[in-house]
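Under the numbering used here, think of the first position of the sequence shown as 1, with each following residue one higher.
I have placed the structure first, in the form of structure tokens, so that the comments after it can refer back to it.
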Amino acid sequence: LVAERGADGVSLRELARAAGVSHAAPAHHFTDRRGLFTALAAQGWRMLAVALADARPEFSDAALAYVRFAVENPGHYEVMFDRS
1 LVAERGADGV
11 SLRELARAAG
21 VSHAAPAHHF
31 TDRRGLFTAL
41 AAQGWRMLAV
51 ALADARPEFS
61 DAALAYVRFA
71 VENPGHYEVM
81 FDRS
């Protein structure tokens with residue numbers, strides 16, 4: 001959902017429904033939206049680090065790995081660079 005509508009375009013209730021959990025589950029685990037999106041961003045940074053580590057050391061390969069990550073993980077990418 002985040003990839004489709006952006007971080008500001010989804011509610012915790014919608015995310016819970018999409019994940020197949022109770023509407024209270026995200027709030028229980030993350031307290032609020034900021035906590036959830038902070039966790040998603042941290043996960044995204046770890047995923048990006050792995051993608052970059054797996055790339056050959058040439059700049060063009062690292063750049064390609066970065067762009068590939070952004071295209072394949074738009075939801076994570078969105079929350080990683082969200083300023084709110």
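Glycine residues also receive a C-beta, built at the ideal position from the N, C-alpha and C atoms.
Return the CA-CA distance between Ala49 and His23, expressed in angstroms with no decimal places. 32 Å
Could you say which of Arg83, Arg68 and Gly75 lies nearest to Glu4 if we only look at CA atoms? Gly75
Put Asp54 into one of helix, strand or coil per three-state DSSP. helix
With three or more beta-carbon pairs closer than 8 Å as the criterion, would you say the stretch 58-68 touches the stretch 30-45? no
Does Gly44 pass the burial test, meaning 16 or more other C-beta atoms within 10 Å, or should it be called exposed? buried
Check whether the Cβ of Met47 lies closer than 6 Å to any heavy atom of the ligand ATP, and answer yes or no. Ligands in the displayed structure: none, and consequently the ligand ATP is not present.
Kindly list the residues whose CB is nearer than 8 Å to the CB of Arg68, restricted to its own chain and excluding five residues on each side of it in sequence; keep chain order. Ala51
7 Å Cβ cutoff met for Leu1 and Ala18: yes
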